[in-house]
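The listed protein sequences correspond, in order, to chains F and Y. In terms of my numbering, the first sequence is residues 288 to 622. In terms of my numbering, the second sequence is residues 288 to 622. Beta carbons are placed, not taken as given, at the ideal position from N, Cα and C, and that holds for glycine. Each remark here refers to the structure printed beneath this line.
2 protein chains.
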Amino acid sequence: MITMKDIARELGINESTVSRALNNHPHVHPSTRERVAEAARRLNYRPNTLARSLATNRSYVVGLVISNIANLFFAEVTQGIEQVADANGYSVILCDTARDAAKEQRYLDLLASRQVDGIIFMSGRLPADTVAAIRNVKCPVVTISRDGASYGIPTVRINNRAEAARAVSYLINLGHARIGFISGQLDDAESGLPRLAGYKSALEDAGIPFDPCIVQEGDFTMESGMRACTRLLDAAPRPTAIFAANDEMAIGAMKALAQHGISVPKDMAVVGFDNTALARVVTPPLTTVAQPLRALGSTATEMLIRLMTGQGLRDTEVVLDCQLVVRSSCGGTGI
Amino acid sequence: MITMKDIARELGINESTVSRALNNHPHVHPSTRERVAEAARRLNYRPNTLARSLATNRSYVVGLVISNIANLFFAEVTQGIEQVADANGYSVILCDTARDAAKEQRYLDLLASRQVDGIIFMSGRLPADTVAAIRNVKCPVVTISRDGASYGIPTVRINNRAEAARAVSYLINLGHARIGFISGQLDDAESGLPRLAGYKSALEDAGIPFDPCIVQEGDFTMESGMRACTRLLDAAPRPTAIFAANDEMAIGAMKALAQHGISVPKDMAVVGFDNTALARVVTPPLTTVAQPLRALGSTATEMLIRLMTGQGLRDTEVVLDCQLVVRSSCGGTGI
DNA sequence: CTGTTAGCGCGTTCAA
DNA sequence: TTGAACGCGCTAACAG
């Protein structure tokens, strides 16, 4: 490895002059600067970021703690994060916790040891000891899509309640008055309860009475969507539309409908939530609430950068808007 | 930040003794070791990995250069990589190149500057200057799924030719004699040409003449699959089965078939390649050649670890087996 | 504008 | 078994 010392010796000047020249400090003679640059090029010099970080106490690395990179949802958010980080000179250390709480803690510790300048945390719920661990790392932390705001942790998320209501209102405007709902786990404070609440409020706004018989709980898997849909079909009167709390369950519902010979969207409209790639591949393409995945990542990263660079935050909680993507499962025209 | 010096002062002993105690060196008095451990705990000491790396010249970080983390294919491989890396004490720096050759070079340089111990490279083809850049970083590099072996770069990949042949043979055994092929770009030395070659060889083995009329080139997108399929339907005699070089195009083909009122698998069998999550969501679920995605990642990481730890490599090229996953698009039973 | 000195936190000699 | 001293590669403070 070739160091600043080498190029200093080569040029018969001092190491710190080399440092200044390479870092574009003011007050370096143009000719010196040029000679240094030339020598660096010639000797194939590569700065040692580790040493620099040790000296400056800034690593220009951010940690990303995530529960499952193989999930399209997280993968897209990650892309938004990496892109903004890189554009600002930061590298990203990827930590996949596989929803393991012990791993979460270990990763937070590891990242702190590695002197990261900041951390983005997007791994499941926030139990008390995880909150404690987050407070324990000295660097700024931003959480995505979780209930961090209630702990005073900077957060970016979507308004699950309002977005769910928007989707249901859309169905109502289409003329549907009997709308089944396939919920996620109701103990999920993120995508479970709030989306159910949104469903209810949209009905209420339209003066449609809430009927618990056409609300079925699933667990966000395709299989649970199929089962929930089958139960919905037994309700009397039968719903004319189904809203599911995520795409997977909506797709499961469409499969169940197909098995029962019910045609989408002619006999049943279906709407999902998330807008993963699955939604446009399934037949017919699924109408769905599109989360701004990349934006979740980039916004969180921008917040983190503000914190790391000592600029304040406007709001410790940012709520992003979604978009209803209408496809042929809901009366759209399809491809 | 609290350092070894702090705990040394606290205990009235020397800093290097603390270092030895913390690193479980032999020849440290048990009582000293215990006092140090206790003080470290009490003061909430956290080792500074940067400083350690600078001193030992090993960072325990690997770089991952990838072309698109939002693609399920790469995301799953990445999960395999992260998992093995973490299990061996390595962290992963994620670099998403977005297929930008300039970014590839920049990232390789960046990683070298960060003193990573090794790099896994999985970003598109290997043009000459990228090969040069790879040779230029001093740490070991392993490539995945690319033609690195011909440059002497350690590689793990699948046998695209043989796996494609396997899928086509399966169709032949099912009784199909007229099998259309939707290829990828034929200038793609990875998934383009080899898969076409596999298609041809399977036909030849079965004594079926090759007919260029029922080979249509696509570009791995769903839309191109639709167009290619439409062209295939004009061929006379019309094929009874279609093999596509990836899932996306196979799904596009299924969409085109649906538009033409052709039922899958009754009137047409369809087989894809890759086994992304899309394959089991589409209707009917797609038969496809399943690449061992996680294994690609974990195998590459294991190779890299051998290299980083100075153990040799058995083979500089490892070829993994795929598996044909039969689903209802091809005579399976469906869900 | 440049050289000198000191130090970031840790590991590793070499003596004692 | 422990202490003292030095070095990893780089930045920063202070002179000059």
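Beta-carbon of residue i versus every beta-carbon of chain F: anything under 8 Å?
i, result
"Y:L583", "no"
"Y:Q366", "yes"
"Y:S236", "Residue 236 of chain Y lies beyond the stretch modelled for chain Y, which goes from 288 to 622, so this question has no answer here."
"Y:S306", "no"
"Y:I529", "no"
"Y:A338", "yes"
"Y:S550", "no"
"Y:L397", "yes"
"Y:S378", "yes"
Helix, strand or coil: which one does DSSP assign to residue i?
i, result
"F:F507", "coil"
"Y:I380", "strand"
"Y:S470", "strand"
"F:R250", "The requested residue 250 of chain F is not part of the displayed model; chain F covers only 288 to 622."
"Y:F497", "coil"
"Y:T563", "coil"
"F:I368", "helix"
"Y:I592", "helix"
"Y:A556", "strand"
"F:Q578", "coil"
"Y:V606", "strand"
"F:R412", "coil"
"F:G435", "coil"
"Y:G479", "coil"
"F:T430", "strand"
Does residue i get closer than 8 Å to chain Y when you measure Cβ to Cβ?
i, result
"F:T442", "no"
"F:V557", "no"
"F:E589", "no"
"F:T570", "yes"
"F:I294", "no"
"F:A564", "yes"
"F:V605", "no"
"F:L611", "no"
"F:S511", "no"
"F:I622", "At F:I622 the pLDDT is 37, less than 50, meaning the model places this residue with poor confidence; the figure from the coordinates comes in the next sentence. For F:I622, the answer is yes, since a Cβ of chain Y falls inside 8 Å of its Cβ."
"F:S346", "yes"
Could you check whether residue j and residue i sit closer than 8 Å to each other, using their CB atoms as the reference points?
i, j, result
"Y:A582", "Y:V429", "no"
"F:A399", "F:V558", "no"
"Y:L359", "F:L359", "yes"
"Y:I380", "F:I380", "yes"
"F:A564", "Y:L490", "no"
"F:S585", "F:N533", "no"
"F:S346", "Y:L337", "yes"
"Y:I406", "Y:C426", "yes"
"F:Q610", "F:I445", "no"
"Y:R614", "Y:L573", "yes"
"F:E363", "Y:A464", "no"
"F:M264", "F:A528", "Because chain F in this structure spans residues 288 to 622, residue 264 of chain F falls outside the shown range and cannot be described."
Taking Cβ-Cβ distances shorter than 8 Å, what residues in chain Y pair up with residue i?
i, result
"F:P334", "S400"
"F:A522", "Going along chain Y, no residue has its Cβ under 8 Å from F:A522, so there is no contact; the nearest lies around 23 Å."
"F:I469", "Residues of chain Y passing the Cβ test: none, with the nearest at roughly 16 Å."
Can you name the residues of chain Y whose CB is closer than 9 Å to the CB of residue i?
i, result
"F:L483", "Within 9 Å Cβ-Cβ: nothing; F:L483 doesn't reach chain Y, min ~25 Å."
"F:E369", "I356, L381, C382, D383"
"F:A452", "Chain Y residues near F:A452: none, gap ~27 Å exceeds 9 Å."
Can you pull the chain F neighbours of residue i, defined as C-beta to C-beta under 7 Å?
i, result
"Y:A362", "I356, A357, A362"
"Y:I538", "V568"
"Y:L341", "L337, A338, L341"
In chain F, what lies closer than 9 Å to residue i by C-beta?
i, result
"Y:A545", "T570"
"Y:A421", "The question names Ala, but residue 421 of chain Y is Ile in the sequence shown. The premise fails here: Y:I421 is roughly 15 Å from chain F at the closest Cβ pair, so nothing lies under 9 Å."
"Y:L330", "The contacting residues do not exist; Y:L330 stays about 13 Å from chain F at best."
Using a Cβ-based criterion (distance less than 7 Å to any ligand heavy atom), does residue i qualify as near the ligand NAD?
i, result
"F:L330", "Because no ligand of any kind appears in the structure shown, any question about the ligand NAD cannot be addressed here."
Legend entry - Meets three-Cβ-pair contact criterion under 8 Å: the region 438 to 458 of chain Y and the region 481 to 496 of chain Y: yes
Inset, instruction - Assess, as a yes-or-no matter, whether the region 457 to 473 of chain Y is touched by the region 497 to 509 of chain Y under the definition of 3 or more beta carbon pairs within less than 8 Å. - result: yes
Legend entry - Stretch-stretch touch, CB-based, cutoff 8 Å, three pairs: the region 533 to 545 of chain Y with the region 588 to 598 of chain Y: no
Inset, instruction - Give a yes or no on contact between the region 373 to 391 of chain Y and the region 402 to 416 of chain Y, applying the rule of three or more CB pairs nearer than 8 Å. - result: yes
Inset, instruction - Spell out a yes or no on whether the region 312 to 327 of chain Y and the region 309 to 324 of chain F are touching, meaning 3 or more CB-CB pairs, one atom from each, closer than 8 Å. - result: no
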